[in-house]
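Okay, structure first, notes after.
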Amino acid sequence: MSTAPATDSATTAATTDPKAMVDAWLRFWNGDLSLASGIVSDDFRLHTVFLDGSSGASVKGPEDLASHVKGGRAAFPDLEFAIEVPPLVDGPYLSVRWTATGTYAGGFPGAKAEPGTVVTFTGTDTLLMRDGRFVEYWLNSDGLHMLRQLKAF
Numbered sequence: 042m043s044t045a046p047a048t049d050s051a052t053t054a055a056t057t058d059p060k061a062m063v064d065a066w067l068r069f070w071n072g073d074l075s076l077a078s079g080i081v082s083d084d085f086r087l088h089t090v091f092l093d094g095s096s097g098a099s100v101k102g103p104e105d106l107a108s109h110v111k112g113g114r115a116a117f118p119d120l121e122f123a124i125e126v127p128p129l130v131d132g133p134y135l136s137v138r139w140t141a142t143g144t145y146a147g148g149f150p151g152a153k154a155e156p157g158t159v160v161t162f163t164g165t166d167t168l169l170m171r172d173g174r175f176v177e178y179w180l181n182s183d184g185l186h187m188l189r190q191l192k193a194f
């Protein structure tokens, strides 16, 4: 069952405006997980390789993505994403460069950094938009830089 995209500016963006969609995407990654069903399609697919070597293909739909984000925020509860380069839009595709900063709370496998260590890393999200929602997501982030800050090697 597919839910119509939300149009309430308090919950999501005004659906088809790419900049408004990016604003909602940023709020989602900054912890407002309730936005997932309004901005992420039921047919959503993530294209990436996670730090443990597993495929992002296991993340399907808004619930899986919200669960993935929640899991990542467990190690960095105050993780804050900021847009570094405004979105570049080409038809249904958009790409945005971001910086994330958060305080390590512990629990990351292999990390020797002390809880309280502030970590900053960057990345680029490329997204495919359809009917006011994101349907595909290609993630590139500087995981190596993050792992170095966590003293994981």
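In this text, residue positions in the sequence shown follow our numbering: the first is 42, and each later residue adds one.
Even for Gly, the Cβ is constructed at its ideal location relative to N, Cα and C.
The beta carbon of residue 114 lies closer than 6 Å to those of 120 in the same chain, with the five residues before and after it left out. The C-beta distance from residue 88 to residue 102 rounds to 15 Å, too long to fall under 8 Å, and the pair is not in contact.
When DSSP assignments are scanned along the segment 51-108, the uninterrupted stretches of beta strand (DSSP E) that are 3 or more residues long and fall wholly within it turn out to be 81-88. One alpha carbon belongs to residue 111, the other to residue 126, and they sit about 25 Å apart. Under the three-state reduction of DSSP, residue 146 is assigned to coil, being neither helix nor strand.
Assigned with DSSP and collapsed to three states, residue 164 falls in strand. Pairing residue 174 with residue 82 gives a Cβ-Cβ distance under 8 Å. Where residue 180 is concerned, the enclosing beta strand (DSSP E) starts and stops at 174-182. Annotation: the continuous beta strand (DSSP E) that includes residue 131 extends over 121-131. Taking a 10 Å sphere around the C-beta of residue 194, we find fewer than 16 other C-beta atoms and assign the residue as exposed. In the same chain as residue 59, and ignoring 5 residues on each side of it, the C-beta atoms closer than 8 Å to its own belong to 128, 130, 135 and 170, in chain order. Between residue 154 and residue 191, the gap from beta carbon to beta carbon is short of 8 Å. With a cutoff of 8 Å on beta-carbon distance, residue 156 and residue 143 are scored as not near each other. When 189, 117 and 162 are compared, the shortest CA-CA separation from residue 181 is found for 162. Of 149, 80 and 150, the smallest CA-CA separation from residue 61 is found for 80.
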